[in-house]
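Q: Numbering (our numbering), first residue to last: 1 to 300.
One structure, as structure tokens, below. Some questions next.
In structure tokens form, the structure reads like this:
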């Protein structure tokens, strides 16, 4: 049986910090690679590599991936939502800054909080969760308003809306997993559905969009893709699944507010992205909302 702990220990905190740091920097890597690799094509290459790595890892660990367990339909749905999320995210980075997109992407917990009670009646929203949703809504309104003006580095509303769509799709993926047979499969198989479907769907979308498939990459683009594939789409997601199996999900999820902060810092330092008062206010409100939505009431 899997040993579960009630609180985060030092090891869990370090793993979470490393994951959030890389996920924030990853958006900067993706954006910096866009001049060489088109958005959806870049995502397709990344997930093709991650699918191969995950398949080999599951074979080595003896984790069955193709055993019938009633999860195929929900797995394919989760995979399509996952692929759509990353298509929206990568396309969005062509029109907005890495920091802004990450703030909108991490509205995912709020979509889960809104939709899940419709499918799982026991998941009712508590007053503090409504407060968290209100904080997030105000923060998103702050940031979106700026995106429709020339402040903060130009008109970014297209990328901002794609980032918001990516956050909604991420939330719907989470709801699909929690409210279907996927909740009973091994975490590695759950992840395999998502990366494998993305490997099939994203190249087709890239072709439909008429993107150029450039196979002559610079050293930077190659390094970026290796990091995105090995650390981003494979190792960090496996680490996240391991954490969910050993520690309380609500305490883990509250850590995700660090990712937009790292994205803001990395974007400012590496891409000279503007850091505006509205963006900082949006980041603070979304972070507060994440903490409130994921905090469980004390018993006794």
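Built from N, CA and C at the ideal position, the CB exists for glycine as well.
1) Check whether the stretch 166 to 181 and the stretch 8 to 18 touch, using three or more Cβ-Cβ pairs below 8 Å as the test.
2) Cα separation between residue 54 and residue 188?
3) Roughly how many whole angstroms lie between the Cα atoms of residue 201 and residue 83?
4) The alpha helix (DSSP H) with residue 193 in it runs from where to where?
5) Going by beta carbon distance, what residues of the same chain come within less than 6 Å of residue 229, once the five residues before and after it are set aside?
6) In terms of residues, what are the limits of the alpha helix (DSSP H) holding residue 46?
7) Measure from the alpha carbon of residue 276 to the alpha carbon of each residue in 126, 264, 205, 286, then state which is nearest.
8) Among 227, 185, 211, 242, which one has its Cα closest to the Cα of residue 65?
9) How far does the alpha helix (DSSP H) with residue 15 in it reach, from first residue to last?
10) What's the gap between the Cα of residue 106 and the Cα of residue 97?
11) Could you pull out every unbroken alpha helix (DSSP H) segment of at least 4 residues lying fully inside the stretch 101 to 181, listed in chain order?
12) Helix, strand or coil, according to DSSP, for residue 65 in the structure here?
13) Would you mind sorting residue 218 into buried or exposed? The rule is 16 or more other CB atoms within 10 Å of its CB.
14) So, at 7 Å on beta carbons, what are the nonlocal neighbours of residue 233 in its own chain, with the 5 sequence-adjacent residues on each side left out?
15) Excluding five sequence neighbours on each side, which residues of the same chain lie with their C-beta closer than 7 Å to the C-beta of residue 175?
16) Buried or exposed for residue 108, please, with buried defined as at least 16 other CB atoms from any protein chain shown within 10 angstroms of its CB.
17) So the candidates are 256, 293, 284; which of them puts its Cα closest to the Cα of residue 17?
18) Starting from the C-beta of residue 81, find all residues in its chain whose C-beta is less than 6 Å away, skip the five residues before and the five after it, and write them out in chain order.
19) Between the alpha carbons of residue 38 and residue 5, how many angstroms are there, rounded?
20) Please work out which residues of its chain come closer than 7 Å, Cβ to Cβ, to residue 125, disregarding the five sequence neighbours upstream and downstream, and give them in chain order.
21) Does the structure place the stretch 58 to 78 close enough to the stretch 28 to 35 that three or more beta carbon pairs sit under 8 Å?
A: In short:
1) no
2) 8 Å
3) 7 Å
4) 187 to 208
5) 46, 49, 50
6) 39 to 61
7) 264
8) 185
9) 10 to 33
10) 14 Å
11) 108 to 119, 127 to 147, 157 to 178
12) coil
13) exposed
14) 46, 47, 50, 195
15) 112, 115, 116, 119
16) buried
17) 256
18) 169, 172, 173
19) 43 Å
20) 113, 117
21) no
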